[in-house]
Amino acid sequence: MAKRKRKKSDFYKLRIKLGISLEKTAELCGVTERSVQNWDSKGAPLMATRLLWYYDSKKINYPGWRGWEFTRDGVLRNKRLKVNITPDWLNKYKLVIDRFLALKAEQDQITGSWAYRMLQRFERLTVKIKRYANRKKRLVRGW
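Residue numbers (the UniProt record's numbering): 1 to 143.
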């Protein structure tokens with residue numbers, strides 16, 4: 001007589017889908033491996049199932065981060081905004097920010113120099129002289 005296969009529970013299907021081992025599940029739930037095996041065949045308490053979902057999704061519960069979550073492969077994701085941020089993207093973005101800050105510091109250094117201030121004064125003086133010359137031209141034409 002052939003052995004009849006037992007139907008596996010939704011908890012088992014979830015555990016396998018998420019790739020969480022029997023040992024890891026027992027550790028997460030604080031139970032023995034035998035209890036997890038029973039849950040695999042007969043079903044698990046709702047809290048154990050939720051715990052596996054939370055372990056997998058790693059939702060961020062902090063003001064301003066609503067809808068953001070970490071995936072198991074290390075991607076920060078927001079499904080509503082359709083944004084996926086990988087560690088590589090963050091590293092590239094950090095390089096761009098660092099370069100921007102270096103250029104800003106260089107600009108601040110230049111604009112704070114004596115030569116730059118003198119150049120600005122010269123430009124303002126040049127504008128004043130041009131305005132004065134235009135006024136004189138208008139006065140001379142009016143005569």
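For glycine and all other residues, C-beta sits at the position ideal for the given N, C-alpha and C.
Range of the contiguous beta strand (DSSP E) that encloses W68 = Segment 68 to 70, the beta strand (DSSP E) holding W68.
Stretch pair the segment 54 to 74 + the segment 30 to 46: three plus CB contacts closer than 8 Å = Segments in contact, no.
What is the DSSP secondary structure of L46, reduced to helix, strand or coil?
-> Here L46 sits in helix by DSSP.
In its own chain, which residues sit with a C-beta less than 8 Å from the C-beta of K42, not counting the 5 before and 5 after it?
-> Excluding sequence neighbours, K42 sits near S9.
Can you give me the Cβ contacts of A26 inside the same chain, cut-off strictly under 8 Å, excluding the 5 residues immediately before and after it?
-> Result list for A26: T32, E33, S35, V36, in chain order.
L95 beta carbon less than 9 Å from that of I85 | Contact: no.
Which residues mark the beginning and the end of the beta strand (DSSP E) in which I110 is found?
-> Bounds of any beta strand (DSSP E) do not take in I110; it lies within the alpha helix (DSSP H) bounded by 87 to 111.
What is the DSSP secondary structure of residue 145, counted as helix, strand or coil?
-> Because the chain in this structure spans residues 1 to 143, residue 145 falls outside the shown range and cannot be described.
Thinking C-alpha only, which one of K17, D56, Y54 is nearest D40?
-> The shortest C-alpha separation from D40 is found at K17.
Got a sec, what are the start and stop residues for the beta strand (DSSP E) L81 sits in?
-> First-last for L81: undefined, no H or E at that position.
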